[in-house]
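J.: Sharing a structure with you now.
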Amino acid sequence: MSVIDFPRRGGDWRADELRPLVSLAQAARLSWDTGTTERGEAQFYVLGPAPEHDCVLCVSRLAQGYVVEDGAGRLIGEAPSLDRFAVAAAGAAIRGSRSFVTRVLVAWVTIRLTIEEKLEPIFEESEELLTRFAPQVAAII
Amino acid sequence: MVRSRKAEKPAPKHANLRKRAGAWLQEKRKAAGLSQIELAQRLGLKYYTFISQVENGFGRVPSDSMEAWARALGIAPSVFARELLAYYEPELHKLLFEVKA
Chain V
22 MSVIDFPRRG
32 GDWRADELRP
42 LVSLAQAARL
52 SWDTGTTERG
62 EAQFYVLGPA
72 PEHDCVLCVS
82 RLAQGYVVED
92 GAGRLIGEAP
102 SLDRFAVAAA
112 GAAIRGSRSF
122 VTRVLVAWVT
132 IRLTIEEKLE
142 PIFEESEELL
152 TRFAPQVAAI
162 I
Chain X
21 MVRSRKAEKP
31 APKHANLRKR
41 AGAWLQEKRK
51 AAGLSQIELA
61 QRLGLKYYTF
71 ISQVENGFGR
81 VPSDSMEAWA
91 RALGIAPSVF
101 ARELLAYYEP
111 ELHKLLFEVK
121 A
């Protein structure tokens, strides 16, 4: 297998990237840390329970998106955005299912996806209605 | 490279030993003249990000891939495993190699 050598996308995590990742760790009541690859790409580590505090999930930001691995280097998912990452994390949690950590991760992701699923159609429908009826309403007024 | 921003301080003993293991692995990789990408290639990994995870001291080399890592770095597998055991399982290492019968 050849290693994917993408162009570099170095630098620290941006606040908007870090927020959902930190939420994920906090939801699971786990600590976290950051680091970089040799080429300067940002990595986010979710650390397991004491006393080992081994890495249980690692998110790396590469040029093409985000790569999610577990603490043993198993590839869990590749996602162009952090929203997709949430789905990958859920998949990992279900497959790995090591401890309470994974159950909390599943719960967090499920809640988030449920909220998104419920809210998105409402917004879409409102937008559609507005587009369809706004000219008629405007004509009446 | 690690820029620390911990939400909560990990237990120093385990974390420090893993960091030392990571530093040792990085030193051996560099001595073998390999980049993280090249090492990942030799290990058959799709991405090199796991190499970084281990070298930064957050992940461990899994037991089932220690031989592959050792060979990729040009180190005898038994020497490699013994060295890593000293970092990952210091008590076991002590029992196996340090405590006299």
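Line by line, the protein sequences are chains V and X. Each residue of the first sequence is one higher than the one before, starting from 22 at the first, in the numbering used here. Each residue of the second sequence is one higher than the one before, starting from 21 at the first, in the numbering used here. Every residue gets a Cβ at the ideal spot worked out from N, C-alpha and C, and that includes glycine. The model shown is predicted, which means the values in this text are computed figures rather than measured ones.
Tell me whether the beta-carbon of Gly92 (chain V) lies closer than 8 Å to the beta-carbon of Val77 (chain V).
T.: In this structure, Val77 (chain V) lies closer than 8 Å to Gly92 (chain V) by Cβ.
J.: Where are the alpha helix (DSSP H) runs, 4 residues long or more, that stay fully inside the region 48-73 of chain X, in chain order?
T.: Within the region 48-73 of chain X, the complete alpha helix (DSSP H) runs of at least 4 residues are 56-63.
J.: How close, in whole Å, do the beta carbons of Leu68 (chain V) and Leu51 (chain V) come, if the pair is a contact with beta carbons under 8 Å?
T.: The Cβ separation is near 6 Å, so the contact holds.
J.: Ser81 (chain V): buried (16+ other C-beta within 10 angstroms of its C-beta) or exposed?
T.: The residue in question, Ser81 (chain V), is buried, as its Cβ has 16 or more Cβ neighbours within 10 Å.
J.: Compare the C-beta of Ala93 (chain V) against all C-beta atoms of chain C and say whether one is closer than 8 Å.
T.: The chain labelled as chain C is not found among the protein chains of the depicted structure, namely V and X.
J.: From the DSSP output, read off the bridge partner residues of Gly86 (chain V).
T.: Answer by DSSP bridge pairing, in chain order: V:Leu83.
J.: Can you give me, in chain order, the residues of the region 101-115 of chain X that have a beta carbon less than 9 Å from any beta carbon in chain V?
T.: Hits within the stretch: zero.
J.: Tell whether a beta-carbon distance below 8 Å holds between Ser72 (chain X) and Glu73 (chain V).
T.: Contact: no.
J.: What are the start and end residues of the alpha helix (DSSP H) that includes Ala36 (chain V)?
T.: Where Ala36 (chain V) is concerned, the enclosing alpha helix (DSSP H) stretches over Ala36 to Ala48.
J.: Sort V:Pro101, V:Gly32, V:Arg95 and V:Leu103 by Cα distance to Gly61 (chain V) and report the nearest one.
T.: Nearest C-alpha to Gly61 (chain V): V:Gly32.
J.: Following the continuous alpha helix (DSSP H) through Leu105 (chain X), name the residue where it begins and the one where it ends.
T.: Segment Pro97 to Tyr108, the alpha helix (DSSP H) holding Leu105 (chain X).
J.: Measuring CA to CA, which of X:Gln56, X:Glu75 and X:Ala101 is closest to Gly42 (chain X)?
T.: Measuring from the Cα of Gly42 (chain X), the nearest candidate turns out to be X:Glu75.
J.: What does a CB cutoff of less than 6 Å around Arg62 (chain X) pick up in its chain, not counting 5 residues either side in sequence?
T.: Excluding positions up to five away in sequence, the list reads Ala92.
J.: Going straight from the alpha carbon of Ala100 (chain V) to that of Ala101 (chain X), what length do you get?
T.: Roughly 34 Å between the two C-alpha positions.
J.: Using CA coordinates, which residue listed in X:Tyr107, X:Thr69, X:Ser83 and X:Ser55 is at the minimum distance from Lys33 (chain X)?
T.: Checking every option, the nearest Cα to that of Lys33 (chain X) belongs to X:Tyr107.
J.: The beta strand (DSSP E) with Glu99 (chain V) in it runs from where to where?
T.: Taken as a continuous stretch (DSSP letters only), the beta strand (DSSP E) holding Glu99 (chain V) covers Leu96 to Ala100.
J.: When DSSP labels each residue in this structure, what does Leu115 (chain X) get in the three-state scheme?
T.: Helix.
J.: Answer with buried or exposed for Arg40 (chain X), where buried requires no fewer than 16 other C-beta atoms within 10 angstroms of its C-beta.
T.: Label assigned to Arg40 (chain X): exposed.
J.: Do you know how far the Cα of Gly77 (chain X) is from the Cα of Glu109 (chain X)?
T.: When rounded, the distance between both Cα atoms is 14 Å.
J.: Nearest to Ser83 (chain X) by CA position, among X:Glu103, X:Trp44 and X:Leu116, is which residue?
T.: When each option's Cα is compared against that of Ser83 (chain X), the closest is X:Glu103.
J.: For Pro97 (chain X) and Ser85 (chain X), I'd like the C-alpha separation in whole angstroms.
T.: Near 10 Å, if we compare the C-alpha coordinates of Ser85 (chain X) and Pro97 (chain X).
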